[in-house]
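Residue numbering for the sequence shown follows the UniProt record's numbering, starting at 1 and increasing by one per position. For glycine and all other residues, C-beta sits at the position ideal for the given N, C-alpha and C. Note sheet for the following structure.
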Amino acid sequence: MAQLGEALQQRWRERQPDLVIVDFTLPSAGLAAQTMGIAWWTSMLSPCVIDTEDGPPAYFGGLQPVTTPLQQIWHAVARRLTRALQRSLHLCYRRQMRACGLPGIYRSDRSEAVDSPYCILALGVPSFELAQRWPAAVRFVGPQLCTPPSAVTAPNFVAGRRHVLATLGTHLQWVKQRMDGVLRALAPQFPKVIFHCSDGDTAAPLQPAQGNYHRLPYVDYAQHLQRYALVVHHGGADILYACLAAGLPAIVYPLDYDQFDHAARLQVAGAAWWLRDLNGLPALLREALSADEAPSGVHRLQAELQAIQSQARIVQVVHGFALTGAVPPV
């Protein structure tokens, strides 16, 4: 972290920016800007992980809104555990943290010091989240959907047939292999449906089809996602918002990190089916494919995504800051 900060400071001494927008996974970049007196903002891909005073705490398996006093107690305990763990980690690595410009993990106002105190660009929709009271720096600007261009051959879509896409992100190869085995076995149970399973790797080899099952190297969401009837995904922020923007129903199979929290929010919103065990996939597929239309939450969130105009909103916030030196409301 310290080496990255030093490298960035060296670059910025040659040409100092007016504003630095830092991904939430690289707080050292923001702290380096802070040391040089440069304004910096945090870009937050998953707003559900922001430390708030209400709503379910993140990273506890996908907690949902409180409905009983016992759940309220558990949420309070979980929030305290999270803060205690973060303080303990800072204590263990305090020398390295201080070298990066992080003397404490929390500020006096109880906001997290790894996030910008000026502006946190929350790349989501506020109604999708379960918290109501956010840090003052938070500005919801909507998801920034982007599919890198590639030269991968487009999937083959069969006219008159419904297609299901399974995509599980990029880093958990063992789960992809298990999903591949499950889909190969169950595809014959749905002879009128074409299954595509994406490796998410443009360099992966194209494999021969097995009946109505196809394992593909890569699927370009921007070009092809709207052609699917249903998507099975892991609950990553990019794919979940891509599905909502396309008005697609989904079966969400969370695997790690914030994905369980995304699954909980999709379920609460009535926008997806939560698959907790791969053995339950055939039953959920039957339920989803037999539905006359997508769950009502999908259409509601799709309309909100269209209304938020995410790219224009970010331009609005940056432009307002450039004119006044203050972060405008949205």
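According to the Cβ coordinates, are residue i and residue j closer than 8 Å?
i           : j      : result
Leu240      : Leu266 : yes
His262      : Pro254 : yes
Pro56       : Gly124 : no
residue 355 : Val158 : Any question about residue 355 goes unanswered here, given that the chain covers just 1 to 330.
Leu183      : Lys176 : no
Leu63       : Ala78  : yes
Ser108      : Pro117 : no
Val317      : Val141 : yes
Ala269      : Phe128 : yes
residue 333 : Ala2   : No answer is possible for residue 333: the residues shown for the chain start at 1 and end at 330.
Ile314      : Leu275 : no
Gln9        : Ala32  : yes
His171      : His196 : no
Val330      : Arg139 : yes
Ala242      : Leu301 : no
Ser150      : Asp54  : no
Gln189      : Pro282 : yes
Gly5        : Cys100 : yes
Asp18       : Ser43  : no
Leu102      : Val114 : yes
Arg227      : His299 : no
Ser310      : Pro143 : yes
residue 410 : His224 : The structure shown does not extend to residue 410, since the chain is modelled only from 1 through 330, so no value can be given for it.
Since I believe residue j is in contact with residue i (beta carbons under 8 Å), could you give me their beta-carbon distance rounded to a whole number of angstroms?
i      : j      : result
Trp12  : Cys119 : The pair is not a contact, with the Cβ atoms about 19 Å apart (cut-off 8 Å).
Leu305 : Leu244 : 6 Å
Asp199 : Leu216 : 7 Å
Gly280 : Gln259 : 17 Å between Cβ atoms; not a contact.
Ala322 : Gly247 : With 8 Å as the limit, Ala322 and Gly247 do not qualify as a contact, their Cβ atoms being about 35 Å apart.
Ala166 : Met179 : 6 Å
Ile21  : Leu121 : 7 Å
Gly297 : Ala271 : 4 Å
Ala222 : Thr324 : Their Cβ separation, rounded to whole angstroms, is 35 Å, which puts Ala222 and Thr324 out of contact at 8 Å.
Following the continuous beta strand (DSSP E) through residue i, name the residue where it begins and the one where it ends.
i      : result
Cys197 : Val193 to Ser198
Val21  : Rather than Val, the amino acid found at residue 21 in this sequence is Ile. Leu19 to Asp23 is the span of the beta strand (DSSP E), which, as asked, contains Ile21.
Leu216 : Tyr213 to Leu216
For the alpha helix (DSSP H) containing residue i, list its first residue and its last residue.
i      : result
Arg184 : Gln173 to Leu186
Leu89  : Pro69 to Cys92
From the DSSP output, read off the bridge partner residues of residue i.
i      : result
Thr167 : Ser198 and His233
Phe140 : Ala122
Trp134 : Note: Trp134 sits in no beta bridge, so no partner.
Arg162 : Val193
Gln210 : Tyr213
Between residue i and chain C, is any beta-carbon pair separated by less than 8 Å?
i      : result
Thr147 : Considering every chain present, this structure includes no chain C. It has just one protein chain.
Within the segment 225-266, ranges of the beta strand (DSSP E) (whole runs, at least 3 residues) = Qualifying beta strand (DSSP E) stretches, in chain order: 230-233 and 250-252.
At what residue ranges does the segment 98-128 contain a whole run of the beta strand (DSSP E), taking only runs of 3 or more?
-> 120-122
Whole alpha helix (DSSP H) elements within the segment 282-319, 4-residue minimum | Unbroken alpha helix (DSSP H) runs of no fewer than 4 residues, entirely contained in the segment 282-319, are found at 296-308, following chain order.
Which runs of the beta strand (DSSP E), 3 residues or longer, sit entirely within the segment 11-55?
-> 19-23 and 39-44
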